[in-house]
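Numbering-wise, the working numbering puts 701 at position 146 of the sequence shown, and it's gapless, one number per residue.
For reference, the structure is listed below as structure tokens.
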Amino acid sequence: MVDLTALLADLAAESDQLDALVAPLPPQGWARPTPAPGWTVAHQIAHLAWTDHVAHLAATDADAFYASVTAAPDPARLVDDGAESFLAPPAELLDRWRNGRAALAADLAAAPPGEKLPWYGTRMSPTSMATARLMETWAHGEDVAEALGLRRTPTERLRHVAHLGFRTLGHGFVAHGRDVPAAPVRVELAAPVPGGEVWAFGPADAADRVTGPALDFCLLVTQRRHRADLALVATGPVADEWLDVAQAFAGPPGAKRAATAVNERAGVTR
Numbered sequence: 556m557v558d559l560t561a562l563l564a565d566l567a568a569e570s571d572q573l574d575a576l577v578a579p580l581p582p583q584g585w586a587r588p589t590p591a592p593g594w595t596v597a598h599q600i601a602h603l604a605w606t607d608h609v610a611h612l613a614a615t616d617a618d619a620f621y622a623s624v625t626a627a628p629d630p631a632r633l634v635d636d637g638a639e640s641f642l643a644p645p646a647e648l649l650d651r652w653r654n655g656r657a658a659l660a661a662d663l664a665a666a667p668p669g670e671k672l673p674w675y676g677t678r679m680s681p682t683s684m685a686t687a688r689l690m691e692t693w694a695h696g697e698d699v700a701e702a703l704g705l706r707r708t709p710t711e712r713l714r715h716v717a718h719l720g721f722r723t724l725g726h727g728f729v730a731h732g733r734d735v736p737a738a739p740v741r742v743e744l745a746a747p748v749p750g751g752e753v754w755a756f757g758p759a760d761a762a763d764r765v766t767g768p769a770l771d772f773c774l775l776v777t778q779r780r781h782r783a784d785l786a787l788v789a790t791g792p793v794a795d796e797w798l799d800v801a802q803a804f805a806g807p808p809g810a811k812r813a814a815t816a817v818n819e820r821a822g823v824t825r
């Protein structure tokens with residue numbers, strides 16, 4: 556069982572790493588375009604600040620959270636409109652994000668054990684909410700780093716993202732309008748730490764398997780890279796289909812990245 560205190564410490568560390576990238580940027584740095592169409596670095600941080608805000612509502616005032624959902628003029632633009640609404644000059648936006656994420660961490664730490672918080676199309680425990688916030692912070696941090704021409708060193712914190720990616724297997728199928736497969740999938744990932752550690756999820760005797768680097772798996776389930784550009788190997792039809800629909804985030808399927816590799820099935824065995 557994941558310790559919430561340790562998880563919140565990892566979330567804070569992930570946020571601090573991204574904070575250190577954007578805090579020194581001049582105004583033109585905040586205006587740089589990121590891989591998300593139409594989103595600048597400022598949009599990425601505004602999105603995180605907005606999501607922390609609605610998560611704070613979910614943790615403290617469920618009625619206010621539901622009201623924010625029903626009041627949205629266009630549900631299909633909820634995420635984009637949320638980011639736009641939180642845009643501000645860099646110093647103000649940075650303070651807004653810092654204060655919001657600190658408030659949310661306090662909310663989650665204080666939540667009664669076993670409580671389920673409302674979220675988009677589901678309900679989440681405080682631990683699941685913290686994991687989802689870490690996943691989003693890491694994923695949007697990748698977008699910011701790419702916009703700045705930087706490559707970040709993956710950390711042990713990616714285990715949270717990988718575990719969430721595995722747990723959301725069924726959600727990926729449902730989000731794409733497909734039946735959830737009955738066959739289990741085994742996932743074995745090379746951890747981004749010295750020593751050859753493998754992060755394994757799912758039954759060891761499962762016929763369907765996904766193997767490869769943990770970083771690549773996390774990039775896939777957050778839809779930051781196309782599967783053809785990653786060193787992931789799918790064995791079996793369920794594992795193969797999963798890599799086409801995997802998404803660790805709530806809501807409808809995102810606009811997936813285009814492949815740059817020539818052979819889109821180069822890493823698949825059956």
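No residue lacks a Cβ here, since even glycine has one placed at the ideal position from N, Cα and C.
query: Starting from the N-terminal side, write out each stretch of the alpha helix (DSSP H) that is 4 residues or longer and does not extend beyond the segment 566-652.; result: 582-585, 596-615, 617-625 and 633-640
query: For a quick check, are the C-beta atoms of residue 737 and residue 783 less than 9 Å apart?; result: no
query: May I ask which residues mark the beginning and end of the alpha helix (DSSP H) holding residue 721?; result: 713-722
query: So what does DSSP say about residue 756, is it helix, strand or coil?; result: strand
query: Buried or exposed: residue 753, going by 16 or more other Cβ atoms within 10 Å of its Cβ?; result: exposed
query: Just grab the DSSP bridge partners of residue 673 for me.; result: 678
query: From this set, 649, 798, 625 and 672, which residue's C-alpha is nearest residue 726's C-alpha?; result: 798
query: Quick one: give me the first and last residue of the beta strand (DSSP E) that residue 744 is part of.; result: 740-745
query: What's the call for residue 791, buried or exposed, on a 16-neighbour Cβ count within 10 Å?; result: buried
query: Is residue 583 buried or exposed, if buried means 16 or more other CB atoms sit within 10 Å of its CB?; result: exposed
query: Does DSSP put residue 557 in a helix, in a strand, or in coil?; result: coil
query: Going by the beta-carbon positions, is the gap between residue 741 and residue 590 smaller than 9 Å?; result: no
query: Taking residue 729 as the reference, give the member of 637, 806, 794 and 615 with the closest Cα.; result: 806
query: Mind the definition here: the segment 647-655 touches the segment 591-608 only if three or more C-beta pairs lie below 8 Å; say whether that holds.; result: yes
query: Distance check for residue 626 and residue 690, CA to CA, integer angstroms please.; result: 27 Å
query: Is residue 767 buried or exposed, if buried means 16 or more other CB atoms sit within 10 Å of its CB?; result: buried
query: Determine the DSSP secondary structure at residue 703, reduced to helix, strand or coil.; result: coil
query: So, helix, strand or coil for residue 732, using DSSP?; result: coil
query: Do you know offhand how far residue 669's Cα is from residue 704's?; result: 42 Å
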